[in-house]
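One structure below.
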Ligand SMILES: NC(=O)c1ccc[n+]([C@@H]2O[C@H](COP(=O)([O-])OP(=O)(O)OC[C@H]3O[C@@H](n4cnc5c(N)ncnc54)[C@H](OP(=O)(O)O)[C@@H]3O)[C@@H](O)[C@H]2O)c1
């Protein structure tokens, strides 16, 4: 299938990614997502296939997801489909408290590569900042990973504006661009805008990758005060909160109607993901089954107007300021 969108550069690297990627935390994770209960491997292969068919080439995993199961499943699907060359595969290093030396990063990357069945990933990211170890030490380790040919590009995740600037400067000493910073960003979490991170990334030419772009399912509109999400998410997003977001869901539906073709309006998820694309971020929604993946892919190939983006900003400000 030919794609209906242009790829975008990943930071100042020579890699190009689709304006929307796929996050695969759900693949193997039992704690947050309940892998094995209601969905499993047989549901995920179609997610992978439909994503590639739509021309999406960017897939994000991490060594922590499902304790390596996410990487193993992704590697399995890539091998079976024989599509390595078409993909930009990103994974992450977790700087856990007992991993105190940069050599641990190279060892962890080799373990990730074994699970993925690859000789090299495209993007290797530090999953979160770990303050006792200076940013510069991890950047030195990332530079070694590039020099060893284990990754094509490097990035960070959950880094503040100042940590991002430090990471960028530290890598520049090795002649390596900081490709990306992956942070939580959605209509229900605008911290990257208020903290100045969006501006810092734009100024430095660092791609902002938006995780939890549909707020872990809350922006789909399917969760309401009478239908609270199961498990840990039910504590993060309670009845009261779900009540507060209903006007925003109403606006997502209204705007989605305006973009519908032939009886099929754009859904709240699609409008929410398109809003992020309009903001210059690359959202990486997760999906548990074919239907969810297909729906999220419908965020591509069209664009909200500036006025719609402004109306969504305003409605989201109202939710976020009332917390
Ligand atoms: N770097 C980090 O620290 C970090 C942290 C979090 C996530 N991430 C990355 O970002 C990716 C996405 O974030 P996320 O998984 O937290 O949240 P998300 O993409 O905002 O939400 C995903 C969840 O929403 C529901 N959903 C998705 N599409 C749907 C649809 N079209 N209709 C109805 N329900 C739908 C599904 O859960 P239900 O069906 O159970 O509702 C799905 O598991 C992850 O996979 C991971 O790669 C990174």
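In this note's numbering, the protein residues as written are -11 to 311. Quick reminder that beta carbons are idealized off the backbone N, C-alpha and C, glycines included. Bear in mind the structure is a predicted one, so any value in this text is a computation, not a measurement.
Beta-carbon proximity of residue i to residue j, cut-off 8 Å
{"i": "residue 38", "j": "residue 77", "result": "no"}
{"i": "residue 61", "j": "residue 97", "result": "no"}
{"i": "residue 40", "j": "residue 71", "result": "yes"}
{"i": "residue 132", "j": "residue 83", "result": "no"}
{"i": "residue 272", "j": "residue 9", "result": "yes"}
{"i": "residue 196", "j": "residue 268", "result": "yes"}
{"i": "residue 339", "j": "residue 257", "result": "Missing from the structure shown is residue 339; the chain here goes from -11 to 311 and no further."}
{"i": "residue 166", "j": "residue 192", "result": "yes"}
{"i": "residue 3", "j": "residue 141", "result": "yes"}
{"i": "residue 155", "j": "residue 147", "result": "yes"}
{"i": "residue 80", "j": "residue 124", "result": "no"}
{"i": "residue 149", "j": "residue 194", "result": "no"}
{"i": "residue 218", "j": "residue 205", "result": "no"}
{"i": "residue 35", "j": "residue 277", "result": "yes"}
{"i": "residue 270", "j": "residue 7", "result": "yes"}
{"i": "residue 244", "j": "residue 259", "result": "yes"}
{"i": "residue 281", "j": "residue 235", "result": "no"}
{"i": "residue 56", "j": "residue 103", "result": "yes"}
{"i": "residue 67", "j": "residue 105", "result": "yes"}
{"i": "residue 266", "j": "residue 292", "result": "yes"}
Closer than 7 Å: residue i CB and nearest ligand 1 heavy atom
{"i": "residue 29", "result": "no"}
{"i": "residue 226", "result": "no"}
{"i": "residue 116", "result": "yes"}
{"i": "residue 173", "result": "no"}
{"i": "residue 16", "result": "no"}
{"i": "residue 145", "result": "yes"}
{"i": "residue 48", "result": "yes"}
{"i": "residue 265", "result": "no"}
{"i": "residue 205", "result": "yes"}
{"i": "residue 312", "result": "Here the chain comprises residues numbered -11 to 311, so residue 312 is not present and cannot be evaluated."}
{"i": "residue 179", "result": "no"}
{"i": "residue 148", "result": "no"}
{"i": "residue 68", "result": "no"}
{"i": "residue 283", "result": "yes"}
{"i": "residue 273", "result": "yes"}
{"i": "residue 257", "result": "yes"}
{"i": "residue 208", "result": "yes"}
{"i": "residue 151", "result": "no"}
{"i": "residue 7", "result": "no"}
{"i": "residue 13", "result": "yes"}
{"i": "residue 83", "result": "no"}
{"i": "residue 34", "result": "no"}
{"i": "residue 25", "result": "no"}
{"i": "residue 21", "result": "yes"}
{"i": "residue 217", "result": "yes"}
{"i": "residue 254", "result": "no"}
{"i": "residue 187", "result": "no"}
{"i": "residue 132", "result": "no"}
{"i": "residue 276", "result": "yes"}
{"i": "residue 234", "result": "no"}
{"i": "residue 95", "result": "no"}
Supposed contact pair residue j and residue i - C-beta distance, whole angstroms, cut 8 Å
{"i": "residue 171", "j": "residue 145", "result": "7 Å"}
{"i": "residue 16", "j": "residue 53", "result": "6 Å"}
{"i": "residue 174", "j": "residue 198", "result": "7 Å"}
{"i": "residue 275", "j": "residue 284", "result": "6 Å"}
{"i": "residue 94", "j": "residue 129", "result": "7 Å"}
{"i": "residue 307", "j": "residue 176", "result": "7 Å"}
{"i": "residue 239", "j": "residue 299", "result": "6 Å"}
{"i": "residue 151", "j": "residue 122", "result": "Contact flag wrong, Cβ pair sits at about 10 Å."}
{"i": "residue 99", "j": "residue 74", "result": "Between residue 74 and residue 99 the Cβ distance is about 24 Å, and since that is not below 8 Å, they are no contact."}
{"i": "residue 153", "j": "residue 20", "result": "That belief does not hold up - the Cβ atoms of residue 153 and residue 20 are roughly 31 Å apart, past 8 Å."}
**OP:** Please go through the segment 35 to 107 and give each complete beta strand (DSSP E) segment of 3 or more residues, from N-terminal end onward.
**Re:** With a minimum length of 3 residues, the unbroken runs of beta strand (DSSP E) contained wholly in the segment 35 to 107 fall at 46 to 48 and 76 to 81.
Original post:
Using 8 Å as the threshold, is the segment 21 to 33 in touch with the segment -10 to -3, meaning 3 or more CB pairs across them?
Top reply: Judged by Cβ distances under 8 Å, the segment 21 to 33 makes no contact with the segment -10 to -3, as fewer than three pairs qualify.
Original post:
Which ranges does the alpha helix (DSSP H) cover as unbroken runs of at least 4 residues, wholly within the segment 173 to 250, from first to last along the chain?
Top reply: Whole alpha helix (DSSP H) segments, 4+ residues: 179 to 182, 185 to 192, 220 to 224, 227 to 232 and 234 to 246.
**OP:** Mind the definition here: the segment 214 to 230 touches the segment 239 to 256 only if three or more C-beta pairs lie below 8 Å; say whether that holds.
**Re:** With a cut-off of 8 Å on Cβ pairs, the segment 214 to 230 is not in contact with the segment 239 to 256, counting fewer than three such pairs.
Subject >> Runs of alpha helix (DSSP H) lying entirely within the segment 123 to 170, each at least 4 residues, in chain order >> reply: Counting whole runs of 4 or more residues, the segment 123 to 170 contains the alpha helix (DSSP H) stretches 123 to 135 and 149 to 160.
**OP:** Could I get the ranges of all uninterrupted alpha helix (DSSP H) runs contained in the segment 247 to 296, with 4 residues as the minimum, in chain order?
**Re:** As far as the segment 247 to 296 is concerned, its whole alpha helix (DSSP H) runs of at least 4 residues are 256 to 266 and 278 to 285.
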